[in-house]
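Enquirer: Taken in order, the sequence shown gives residues 1 to 325; the numbers are from UniProt numbering.
Backbone N, C-alpha and C define an ideal beta-carbon position, used for all residues, glycine too.
Quick one: the structure is below, questions incoming.
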Amino acid sequence: MKKYILFGLMTAALISCKKDDDNLSRPDKDNNNILYVIEDNKFNFSFFNTAITVTNYGPTFREKGPYTVLIPDDNAFQKSGYNTVSDVAKEKGAVLMNMVKYHTLPGKWQLDKLPFRFNQPVTTATGAQLYVTHWVHGTDTVIVVNGTRVTALNMPASNGLIQVINTVLNPLVQDKLSDAVAAEPSLTYFNAALQRAGLKDLLKGDGPLTIFAPGNDAFINAGFPTTDSIVKTDPALLRNLLQFHMLATRRFVYDYVLTTDNSNQTQQNMLNNSATTVNLQNNGNDYSITIQGAGNRQPAQVLKSNVLTNNGVLHIIDQVLTENF
Numbered sequence: 001m002k003k004y005i006l007f008g009l010m011t012a013a014l015i016s017c018k019k020d021d022d023n024l025s026r027p028d029k030d031n032n033n034i035l036y037v038i039e040d041n042k043f044n045f046s047f048f049n050t051a052i053t054v055t056n057y058g059p060t061f062r063e064k065g066p067y068t069v070l071i072p073d074d075n076a077f078q079k080s081g082y083n084t085v086s087d088v089a090k091e092k093g094a095v096l097m098n099m100v101k102y103h104t105l106p107g108k109w110q111l112d113k114l115p116f117r118f119n120q121p122v123t124t125a126t127g128a129q130l131y132v133t134h135w136v137h138g139t140d141t142v143i144v145v146n147g148t149r150v151t152a153l154n155m156p157a158s159n160g161l162i163q164v165i166n167t168v169l170n171p172l173v174q175d176k177l178s179d180a181v182a183a184e185p186s187l188t189y190f191n192a193a194l195q196r197a198g199l200k201d202l203l204k205g206d207g208p209l210t211i212f213a214p215g216n217d218a219f220i221n222a223g224f225p226t227t228d229s230i231v232k233t234d235p236a237l238l239r240n241l242l243q244f245h246m247l248a249t250r251r252f253v254y255d256y257v258l259t260t261d262n263s264n265q266t267q268q269n270m271l272n273n274s275a276t277t278v279n280l281q282n283n284g285n286d287y288s289i290t291i292q293g294a295g296n297r298q299p300a301q302v303l304k305s306n307v308l309t310n311n312g313v314l315h316i317i318d319q320v321l322t323e324n325f
């Protein structure tokens with residue numbers, strides 16, 4: 001009888017040891033994986049934590065990886081229109097999944113080890129690219145992703161890195177600039193002008209291009225009361241006008257912060273070889289820009305910025321830029 005009792009105790013001890021070994025080997029018992037770090041920083045990452053909980057993407061960050069996660073802090077979510085974590089929880093699952101995966105990079109990316117260069121492409125977990133700038137501005141070395149500052153760099157985890165950013169990145173939705181223009185309700189006049197000028201194919205090309213597209217009200221105020229009035233305009237005139245709103249590079253708003261001197265103004269040559277002036281405005285914790293042609297009495301305000309496509313960046317402005325009074 002004693003032998004049976006002893007055997008039972010030994011068996012129980014072995015099972016208990018095996019359970020402890022299993023627990024130690026489970027990824028979720030790793031107290032420094034990316035998911036653990038996110039959950040542990042609940043005062044800064046609660047909105048992002050809600051997004052990965054709703055989408056059930058959190059367990060991915062327990063896996064071996066490595067991963068690099070660009071985490072917008074809670075202020076970034078609030079700035080993007082999510083006032084509370086409940087607002088994030090109510091968002092469509094597909095929207096949140098695309099958001100979370102776009103902020104996730106396969107591999108371990110020490111962004112400060114990238115070359116000093118503007119808008120270097122990096123592929124996200126969605127398969128789409130984002131663009132990283134590593135640059136020196138004054139006495140600071142700056143890391144910018146899609147025009148968004150990295151505010152905390154290379155936070156370590158056992159299965160990768162966390163980079164903290166101050167804006168929720170807009171996942172790439174449209175492939176080409178032509179698609180982005182066509183999908184924007186406020187750009188029907190601009191789209192009609194592109195078609196009349198024969199420039200739609202340019203916006204379907206490889207680029208990169210940056211476009212400052214006037215909204216519908218801007219065209220109306222510039223003397224185009226209807227899209228029919230655009231269709232009746234000389235294509236050559238429209239082509240020159242539209243090329244005055246485009247430049248042959250990829251430019252996010254923050255790119256101007258890094259390239260503008262103490263005058264807070266930058267001259268840039270547009271596709272028609274005429275120059276516009278970009279004015280940099282410091283709004284305290286953030287920056288904005290205006291853009292002005294020589295014929296504009298007041299600078300144009302940017303109504304919507306940094307719309308990313310595979311072949312460039314789209315900004316929407318409130319005036320038609322003109323070269324001459």
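#1: Could you please give the first and the last residue of the uninterrupted alpha helix (DSSP H) stretch that includes Asp-98?
#2: Should the segment 309-324 be called in touch with the segment 210-230, which here means at least 3 C-beta pairs below 8 Å?
#3: Taking residue 331 as the reference, which of Tyr-82, Leu-237, Gly-223 and Val-307 has the closest Cα?
#4: Taking 7 Å as the limit between beta carbons, can you name the residues of its chain near Phe-47, skipping five residues before and five after?
#5: Helix or strand or just coil, what does DSSP make of Lys-37?
#6: Here's a check: name, in chain order, each residue in its chain whose Cβ is nearer than 8 Å to the Cβ of Ile-211, leaving out the five neighbours to either side.
#7: Could you please give the first and the last residue of the uninterrupted alpha helix (DSSP H) stretch that includes Asn-49?
#8: Give me the Cβ distance between residue 326 and Thr-309, rounded to the nearest whole Å; I'm assuming they're in contact under 8 Å.
#9: Note down the Cα distance separating Lys-64 from Pro-156, rounded to an integer number of angstroms.
#10: If you check the beta carbons only, do Val-119 and Thr-133 fall under 8 Å apart?
#11: Judging by CA-CA distance, which residue of Pro-66, Ser-80 and Lys-90 is the nearest neighbour of Ile-52?
#12: What residues in its chain sit with their C-beta under 8 Å from that of Val-122, if we drop five residues either side in the sequence?
#13: If we count the other Cβ atoms within 10 Å of its Cβ and call it buried at 16 or more, is Gln-281 buried or exposed?
#14: Would you call His-103 buried or exposed, if buried means 16 or more other Cβ atoms sit within 10 Å of its Cβ?
#15: Is it a yes or a no for the segment 140-154 touching the segment 254-273, going by three-plus beta-carbon pairs under 8 Å?
#16: Assuming Asp-74 is part of the alpha helix (DSSP H), what are its boundary residues?
#17: Output the distance between the C-alpha atoms of Thr-188 and Gln-174, rounded to the nearest integer angstrom.
#18: So for Gly-312, helix, strand or coil by DSSP?
#19: Among residues of its own chain, excluding the 5 on either side of Ser-186, which ones have a beta-carbon nearer than 6 Å to its beta-carbon?
#20: Pick from Phe-116, Pro-72 and Val-54: whose alpha carbon is nearest that of Leu-162?
#21: Can you pull the DSSP bridge partners for Arg-117?
Expert: The structure says:
#1: Indexing the sequence shown from 1 puts residue 98 at position 98. One point to set straight first is that residue 98 is Asn, not Asp, in the sequence displayed. Start and end: 93-102.
#2: yes
#3: Here the chain covers residues 1 to 325 and nothing more, so residue 331 does not appear.
#4: The residue you call residue 47 lines up with position 47 of the sequence shown. For Phe-47, where only same-chain residues beyond five positions count, the Cβ hits under 7 Å are Asp-74, Phe-77, Tyr-82, Val-85 and Val-88.
#5: Walking along the sequence shown from the start, residue 37 turns up at place 37. The identity of residue 37 in the sequence shown is Val, whereas the question assumes Lys. Val-37 falls in the helix class under three-state DSSP.
#6: Numbered from 1 along the sequence shown, position 211 holds the residue referred to as residue 211. Within the same chain, Ile-211 has close Cβ partners Leu-177, Val-181, Leu-203, His-245, Met-246, Gly-312, Val-313, Leu-314 and His-315.
#7: As a working note, residue 49 is residue 49 in the sequence shown. 42-54 is the span of the alpha helix (DSSP H), which, as asked, contains Asn-49.
#8: Only positions 1 to 325 of the chain appear in this structure, which leaves residue 326 out of reach.
#9: Taking the sequence shown and counting its residues from 1, the one referred to as residue 64 is at position 64. Taking the sequence shown and counting its residues from 1, the one referred to as residue 156 is at position 156. Their Cα atoms are separated by approximately 14 Å.
#10: In the sequence shown, the residue the question calls residue 119 occupies position 119. In the sequence shown, the residue the question calls residue 133 occupies position 133. It should be noted that the sequence gives Asn, not Val, for residue 119. Contact: yes.
#11: One-based indexing of the sequence shown puts residue 52 at position 52. Comparing Cα-Cα distances from Ile-52 to each of Pro-66, Ser-80 and Lys-90, the minimum goes to Lys-90.
#12: One-based indexing of the sequence shown puts residue 122 at position 122. The residues are Leu-105, Trp-109, Gln-129, Leu-130, Tyr-131 and Val-132.
#13: Within the sequence shown, numbered from 1, the residue matching residue 281 stands at position 281. Looking at its Cβ environment, which holds fewer than 16 other Cβ atoms inside 10 Å, Gln-281 is exposed.
#14: Counting from one through the sequence shown, the residue named residue 103 turns up at place 103. Under this definition His-103 is a buried residue.
#15: yes
#16: Residue 74 sits at position 74 when you count from the first residue of the sequence shown. It spans 74-79 - the alpha helix (DSSP H) in which Asp-74 sits, taken as one unbroken run.
#17: Locating residue 188 in the sequence shown gives position 188, counting from the first residue. Locating residue 174 in the sequence shown gives position 174, counting from the first residue. Their Cα atoms are separated by approximately 16 Å.
#18: Position 312 of the sequence shown holds residue 312. Note: Gly-312 maps to strand in three-state DSSP.
#19: Translated into the one-based positions of the sequence shown, residue 186 becomes position 186. Within the same chain, Ser-186 has close Cβ partners Gly-215 and Asn-216.
#20: Sequence index remark: in the sequence shown, residue 162 carries index 162 (1-based). Inspection of the sequence shows that residue 162 is occupied by Ile rather than by Leu. Comparing Cα-Cα distances from Ile-162 to each of Phe-116, Pro-72 and Val-54, the minimum goes to Pro-72.
#21: Start at 1 with the first residue of the sequence shown, and residue 117 comes out as number 117. Paired residues: His-134.
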